[in-house]
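First up is the structure itself, then whatever we jot down about it.
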Amino acid sequence: MTTTVYSPQSKNPEQGAVVEVLLVFLKLGLTCFGGPIAHIGYFRDEFVTRRRWLDEQAYADLVALCQFLPGPASSQVGFSIGLMRAGYLGGLAAWTGFTLPSAIALVMFAFGAPLLGGPLGSGLLHGLKLVAVAIVAQAVWGMARTLCPDRERASIAAVASVLILLSTSSVVQIAAILLGAVAGLWLCRGAPPLAAGYVTIPVSRVSGLAALAIFSILLAGVLLVPAHSSQNAFDLFAAFYRSGALVFGGGHVVLPLLREAFVTPGWVSDDAFLAGYGAAQAVPGPLFTFAAYLGAVVKLEPNGLAGAALGLISIFLPGMLVLVGMLPFWGTVRTRPGAQAAMRGVNAAVVGVLGAALYNPVWTTSVKTPADFAVALVGFVLLVAWRAPPLLVVTVSALGGVALALTAG
């Protein structure tokens with residue numbers, strides 16, 4: 029038994045090859061700079077606009093679902109796309125391709141790869157941050173045109189943005205999406221019904237319930253067992269799994285949890301933690317791969333390569349389990365008229381969340397001068413008007429950042 033979800037532009041998704049999924053996500057894993065919000069923009073450009081593996085509505089629904097769940101939202105979206113395209117192996121291939129490049133880079137750094145220094149290095153890093161501005165702006169622009177075509181949904185998006193901008197709590201993001209669902213039930217029932225068409229999700233309800241059961245049992249285990257059980261491997265697994273299971277929003281939100289889990293008990297020094305965090309900003313892919321660095325440098329055993337592998341798997345596992353558990357039920361619920369109205373509101377709220385993120389932290393941490401804005405604007409025009417591939421935009425923005433640094437020096 030499989031579950032189906034809406035996507036009229038997808039044809040015979042079951043024919044998608046695992047190797048195809050792996051190669052596409054490997055390219056993204058090598059080029060997706062800018063954090064989870066930017067990743068959502070990259071994915072949209074690759075799978076909605078270019079490859080048409082799914083349409084705007086199905087993609088927005090996936091993003092909304094993953095925003096609800098604990099774990100790394102962008103990695104969950106990528107895993108879902110791979111799952112739709114080529115089954116469980118496709119989901120694993122998507123996760124592997126998107127995750128390994130940054131994990132390998134951070135493990136290399138843990139073993140002594142030097143940090144970039146001087147104006148050349150700082151300029152390169154700054155240019156990569158400016159890429160995120162262009163990518164997120166493109167995502168907001170494209171999704172707003174499709175998902176906020178009327179005043180009701182535009183208003184929902186605006187309210188969601190205001191809520192996010194007025195608060196620094198990650199809980200507010202979830203609240204904004206929930207309010208979007210309620211507003212959708214009230215305001216969006218008059219919208220035209222969704223067109224027919226489906227993408228196959230090869231997850232049965234039995235498999236979904238099993239995944240939720242495993243997630244809950246493991247979470248109960250790591251919460252009930254003392255934080256320091258003298259079983260080093262289990263302690264490490266518990267620290268990573270707990271962090272991955274209890275964080276909503278992904279990305280930077282997981283860092284305070286990891287710091288509490290590793291620096292407070294003295295497993296990793298504060299200097300080493302901050303150095304790894306700095307390196308994590310310089311690599312593409314999901315920020316959750318910071319766990320590979322921590323697993324490599326932690327004072328407990330296993331560490332090194334074994335610790336990196338343990339950290340990487342443990343921190344991603346809870347988010348993937350809860351995602352697989354929810355996917356089959358989400359597909360059924362969303363076909364009901366009330367659910368469709370709620371999802372219209374949720375999708376509009378997601379646009380608002382993206383819009384707020386475009387300002388803070390993407391804009392506020394990247395655009396400091398008119399020259400910075402010029403580099404970001406060039407990237408945006410390349411993406412939107414010229415439909416340039418993201419790799420070209422990354423290259424142009426990185427070179428722009430280097431040029432700005434050298435000029436300032």
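In our numbering, the protein residues as written are 29 to 437. Note that beta-carbon positions come from the ideal geometry of N, C-alpha and C, so glycine has one too.
For the segment 287-319, the continuous alpha helix (DSSP H) assignments of 4+ residues that do not extend past its boundaries occur at 298-309, in sequence order.
Pro177 carries a coil assignment under DSSP once its states are collapsed to helix, strand and coil. Cβ-Cβ separation between Ala209 and Gly69: approximately 23 Å, too far for a contact (criterion under 8 Å). Ala308 is not a Cβ neighbour of Leu153, given a cutoff of 8 Å. Excluding the 5 residues flanking it on each side, Thr124 has same chain C-beta neighbours closer than 7 Å at Leu50, in chain order. In this structure the segment 336-343 lies against the segment 317-326, because at least three pairs of beta carbons, one per stretch, are closer than 8 Å. Ranking Ala45, Thr77, Gly119 and Ala138 by CA distance to the CA of Leu349 puts Gly119 first. In this structure, Val403 places its C-beta atom within 8 Å of the C-beta atom of Gly155.
Of the residues assessed, Trp358 falls on the buried side of the cut-off, its CB having 16 or more other CB atoms within 10 angstroms. Straight through space, the alpha carbons of Gly332 and Ser108 are spaced by roughly 30 Å. Judged by their CB atoms, Ala204 and Ala188 are nearer to each other than the 8 Å cut-off.
A distance of 8 Å or more separates the beta carbons of Ser271 and Val253.
Within the same chain, and ignoring the five residues on either side of Ala122 in sequence, the residues whose Cβ sits closer than 7 Å to its Cβ are Val49, Phe53, Gly106, Phe107, Ile109 and Gly110. Burial check for Trp295: the Cβ neighbour count within 10 Å reaches 16 or more, so the residue is buried. In this structure, Gly149 is the residue among Leu285, Ile132, Asp83 and Gly149 with its C-alpha nearest to the C-alpha of Ala433. Ranked by Cα distance from Ser235, the first of Gly353, Ala114, Gly407 and Gly146 is Gly353. In this structure Val378 does not touch Ala66 by the C-beta definition: roughly 15 Å separates them, more than the 8 Å allowed. In the DSSP assignment, Pro365 is bridged to no other residue. Annotation for Leu128: the continuous alpha helix (DSSP H) segment containing it runs Ala101 to Ala138.
Boundaries of the alpha helix (DSSP H) around Val421: Pro418 to Ala436.
In the three-state scheme derived from DSSP, where H, G and I count as helix and E and B as strand, Pro98 is classed as strand.
Secondary structure of Glu329 (DSSP, three-state): coil.
In terms of Cα proximity to Gln85, the closest of Arg173, Gln201 and Gly218 is Arg173.
In the three-state reduction of the DSSP assignment, Trp81 falls in the coil class.
Our two residues, Phe290 and Ala413, have alpha carbons roughly 46 Å apart in a direct line. Residue environment: Ala436 is assigned as exposed (fewer than 16 neighbouring CB atoms within 10 Å of its CB, all protein chains considered). Of the other Cβ atoms in all chains shown, fewer than 16 fall within 10 Å of the Cβ of Lys396; this residue is therefore exposed. Taking the CA atoms as reference points, Leu355 sits about 33 Å from Ala416. Sequence-distant partners of Arg217 (beyond 5 residues in either direction) whose C-beta falls short of 6 Å from its own C-beta, in its chain, are Ala369. Boundaries of the alpha helix (DSSP H) harbouring Leu54: Val46 to Thr59, taken from the DSSP string. Per DSSP, Asp73 is not a residue of any alpha helix (DSSP H), being assigned neither H nor E. DSSP places Gly218 outside both helix and strand once states are collapsed to three, so it counts as coil.
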